[in-house]
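Count the sequence shown with this note's numbering and you get residues 30 to 358, in order.
For every residue, glycine included, the Cβ atom is placed at its ideal position computed from N, Cα and C.
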Amino acid sequence: DEGSATATSQSNDVEYTIPVSIGTPAQVLQLDLDTGSSDLWVFSTETESDQVNGQTLFDPSQSSSASYMDGYTWSISYGDGSTSNGDIYTDVVTIGGITVSSQAVEQAQSVSATFTRDSASDGLLGMAFDSINTAQPSQVETFFDNAQSSLDSFLFTADLKHNTDGSYGFGYIDSSLYTGDITYVDVDNSQGFWGWTSGGYAVGSDDYVTTDIVGIADTGTTLLLLDDSIVEAYYNEIDGSSNSDTYSGYVFPCSSSVPSFTFGVGSTTFTIPSDYMNTGAVYDDDSTCFGGLQSSSGTGTNIFGDVALKSAFVVFSGADSPTLGWATK
Ligand SMILES: CN(C)c1ccc(C(=O)NN)cc1
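Below, the structure written as structure tokens:
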């Protein structure tokens with residue numbers, strides 16, 4: 030099978046959600062497809078009511094195909110400190126026309142305030158590797174893994190876009206979505222992520238710096254998070270920029286010009302346009318803008334999040350030796 034789903038940009042590309050159909054009759058939830066985690070979890074009728082804020086709730090009692098996984102629980106924490114936990118049902122799940130008849134659907138019984146505040150997302154669709162799934166007493170498989178036998182090719186693609194809707198493809202590569210060749214790089218999934226190594230970077234039109242940048246491709250992280258040395262070199266080029274305690278990151282006057290950012294992919298490079306590198310004004314001062322590139326020292330892992338991914342057409346190829354493909358668009 031081959032399928033695709035619209036990736037809806039939420040709140041100026043903070044996250045991208047896709048419609049996911051769960052249960053019989055179908056209950057459709059908007060989930061954040063997240064290549065940086067491996068739990069499929071949903072807001073549910075089991076979620077503490079004071080932690081719900083407009084999200085659509087999955088109701089397993091209304092699904093004739095839901096089956097309780099007795100004794101199973103899950104509990105996850107993300108790089109930004111967000112957490113959620115609960116119990117687990119299996120049910121039929123369909124995404125972009127691809128159906129998994131018995132998918133573990135983790136029910137949130139409790140979520141942290143960051144998830145409560147995120148009213149645009151009814152949960153997460155983890156698409157990293159099974160080794161980091163948090164289910165107990167034994168791990169459950171991702172939708173991608175469960176769908177492998179029905180996908181024409183064992184891969185999914187991400188075509189995320191700036192301030193507009195893009196798409197995720199499942200089981201095939203839509204050649205109309207990119208230009209030129211796809212450059213494939215090796216993936217190190219030993220930590221459960223789509224880990225890869227970029228060969229270097231350039232700030233604006235400055236010289237390219239050859240240096241290995243070991244990171245992960247993470248659709249569930251908004252920003253590009255890199256080593257302090259690179260981040261400092263970047264903000265040195267923006268007048269009036271500073272690393273703000275108030276806003277927990279690099280900010281600059283919205284009137285300042287902002288350079289593009291180039292990163293290496295195999296023997297080629299990708300350039301993130303200047304306007305992707307400015308996420309806009311901070312919440313309480315419309316003359317202060319927040320940068321799309323921030324330090325990775327908080328998470329300890331370099332993360333090629335949406336700011337980087339939306340500059341390319343990206344293939345997540347999940348064979349035994351997984352690879353990442355990158356193409357311009
Ligand atoms: C609070 N929310 C919506 C989050 C969504 C995704 C993540 C994440 O680290 N994904 N790789 C963290 C938090």
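At least one heavy atom of ligand 1 sits closer than 7 Å to the Cβ of S111. Remark: the shortest separation between the CB of S150 and any heavy atom of ligand 1 falls under 7 Å. Under the DSSP assignment, L253 falls in the beta strand (DSSP E) whose first and last residues are 253-255. Taking non-hydrogen atoms of ligand 1 into account, the C-beta of L153 is found less than 7 Å away from one of them. Contact between G229 and V238 holds: CB atoms are separated by about 5 Å, below the 8 Å threshold.
Non-local beta-carbon contacts of Q80 in its own chain, meaning distances under 6 Å to residues more than five positions away in sequence, involve V140, T145 in chain order. Beta-bridge partners of N272 (DSSP): Y279. Taking the Cα of T357 as reference, the smallest distance to any Cα among G125, D314, E31, S205 is reached at S205. Taking the Cβ atoms as the reference, L153 lies roughly 6 Å from L60, within the contact range of under 8 Å.
The way I'd put it, the segment 310-325 doesn't touch the segment 211-227; fewer than three beta-carbon pairs between them come closer than 8 Å. Every beta strand (DSSP E) stretch that sits fully inside the segment 146-172 and reaches 3 residues is listed by chain position as 152-155. In this structure, the C-beta of D147 approaches ligand 1 to less than 7 Å from one of its heavy atoms. Our two residues, G32 and D159, have alpha carbons roughly 22 Å apart in a direct line. Short of 7 Å from the beta carbon of S179, and not among the five residues preceding or following it, lie these beta carbons of its own chain, in chain order: D30, I127.
Proximity of the beta carbon of D247 to ligand 1 is indicated: a heavy atom of the ligand is located closer than 7 Å. It is roughly 11 Å from the alpha-carbon of I242 to the alpha-carbon of G224.
Under DSSP, F144 forms no beta bridge with any residue. Secondary structure note for L58: its beta strand (DSSP E) is the uninterrupted segment 56-63. The way I'd put it, the segment 66-73 does touch the segment 161-180; three or more beta-carbon pairs between them come closer than 8 Å.
Residue state for N175 is assigned as helix, using DSSP reduced to three classes.
Residues of the same chain with a CB within less than 6 Å of the CB of S92, apart from the 5 flanking positions on each side, are G52, T53, D120 in chain order. DSSP places S326 outside both helix and strand once states are collapsed to three, so it counts as coil.
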